[in-house]
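Just so you know, we're using numbering that gives the first Met the number 0 here: the sequence shown kicks off at 0 and counts up by one.
For glycine and all other residues, C-beta sits at the position ideal for the given N, C-alpha and C.
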Amino acid sequence: MGKTVVITGSSRGIGRALAEHYEKAGWKVIATARNASIAAFANSLADTPVNLLINNAGIFEKGEHTTALVDQFVTNAVGGSTPGNPAVVANISSGMGSIGDNTSGGYYGYRASKSALNSFMKTLSLEWKPENISVLLFCPGWVQTDMGGAGAAITTTQSVTGLSGLIDKAFGDLGMTGSYLRYNGDKIEW
């Protein structure tokens, strides 16, 4: 039986590129976008063995009003925190989620929501390590997508090639769990 991957936020950009990559690699891909009920979705997978969960869903709103802050926090931090029991949980975070690497300020809601995701998943990595579940955090890079813009530094292919290579290494290697890495494997300061 082949491997199964669930990818959230897969209607466009990095999520779509990840879904296409894993499908070409022979995986069964369960791609989600704008899921109205996370609980109902999780229940629908109850009898489906999932090898890899990629939490990619995320939003970036430039406004700093309360609604934008709450929307970003719910989607970026809480949306990525849905537990399951795959062998690897890969979370698409952002370099903007690094407190130590914040040299430009701004983007309060996005930064705070990604920092919260990082904290939650780092904690989960410690709890799930004894269960042989690897939990990882990744910055996909500044990618040429609707969110990143046409002037971004790298393509979705470059990002996904790096991300999938790191994810592949995580299978059977719990030494990577809890890591916060760029798509090229460089460690990111918390």
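(request) Leaving out five residues on either side along the sequence, give the residues of the same chain with a beta carbon under 6 Å from the beta carbon of residue 59. (result) As a working mapping, residue 59 is identified with position 60 in the sequence shown. Excluding residues within five positions, the ones whose Cβ falls inside 6 Å are 109 and 146.
(message) Using C-beta distances below 6 Å, list every residue in its chain close to residue 178, excluding the 5 sequence neighbours before and after it, in chain order.
(response) In the sequence shown, the residue the question calls residue 178 occupies position 179. Here the set comprises 135.
(request) Apply the 10 Å Cβ neighbour rule to residue 9 and answer buried if 16 or more other Cβ atoms are within range, or exposed otherwise. (result) As a first step, residue 9 must be located in the sequence shown, where it is residue number 10. Flag for residue 9 reads buried.
(message) Check this for me: beta carbons of residue 86 and residue 54, under 8 Å apart or not?
(response) Position 87 of the sequence shown holds residue 86. Position 55 of the sequence shown holds residue 54. No; because the gap between Cβ atoms is not below 8 Å, this pair is not in contact.
(request) Return the first residue and the last residue of the beta strand (DSSP E) that residue 27 is part of. (result) One-based indexing of the sequence shown puts residue 27 at position 28. Looking at the DSSP string, the run of the beta strand (DSSP E) that includes residue 27 is 27 to 30.
(message) Using CA atoms only, rank isn't needed, just tell me which of 156, 140 and 158 is closest to residue 187.
(response) Counted from its first residue, the sequence shown places residue 187 at position 188. Looking at the Cα atoms, 140 is the closest of the given residues.
(message) Only counting the same chain, and skipping five residues up and downstream in sequence, which positions put a Cβ closer than 6 Å to that of residue 52?
(response) In the sequence shown, the residue the question calls residue 52 occupies position 53. Around residue 52: 5, 83, 85 and 88.
(message) Using a Cβ-Cβ cutoff of less than 6 Å, which residues in the same chain neighbour residue 21 once the five nearest sequence positions on both sides are dropped?
(response) As a working note, residue 21 is residue 22 in the sequence shown. 4 and 28, listed in sequence order.
(message) Helix, strand or coil for residue 110? Go by DSSP, reduced to three states.
(response) As a first step, residue 110 must be located in the sequence shown, where it is residue number 111. Residue 110: helix per DSSP, three-state reduction.
(message) Quick check on the burial criterion: 16 or more other C-beta atoms within 10 angstroms. Buried or exposed for residue 23?
(response) Locating residue 23 in the sequence shown gives position 24, where the first residue counts as 1. Exposed is the call here.
(message) Does residue 176 pass the burial test, meaning 16 or more other C-beta atoms within 10 Å, or should it be called exposed?
(response) For the purposes of this step, residue 176 is taken as the residue at position 177 of the sequence shown. That one is buried.
(request) Can you check DSSP and say which residues form a bridge with residue 91? (result) Sequence index remark: in the sequence shown, residue 91 carries index 92 (1-based). Beta-bridge pairing links residue 91 to 137.
(message) I'd like to confirm the pairing. Which residues does DSSP put opposite residue 195 in its beta bridges?
(response) Given a span of 0 to 189 for the chain in the structure shown, any question on residue 195 remains unanswerable.
(request) Taking residue 120 as the reference, give the member of 18, 96, 106 and 184 with the closest Cα. (result) Within the sequence shown, the letter at position 121 stands for residue 120. The option with the nearest alpha carbon to residue 120 is 96.
(message) Please return the same chain residues whose Cβ sits closer than 6 Å to the Cβ of residue 93, not counting the five positions on each side in sequence.
(response) Against the sequence shown, residue 93 aligns to sequence position 94. Excluding positions up to five away in sequence, the list reads 113 and 138.
(request) Measure the CB-CB distance between residue 26 and residue 98 and report whether it falls below 8 Å. (result) Residue numbering aside, residue 26 sits at position 27 when the sequence shown is read from its first letter. Residue numbering aside, residue 98 sits at position 99 when the sequence shown is read from its first letter. No, they are not a contact pair.
(request) Pull up the DSSP beta-bridge partners for residue 69, would you. (result) As a first step, residue 69 must be located in the sequence shown, where it is residue number 70. DSSP, once it has assigned bridges, lists no residue as partnering residue 69.
(request) Look up residue 153 in the DSSP assignment and say whether it is helix, strand or coil. (result) Within the sequence shown, residue 153 is the residue found at index 154, counting from 1. Strand, per DSSP.
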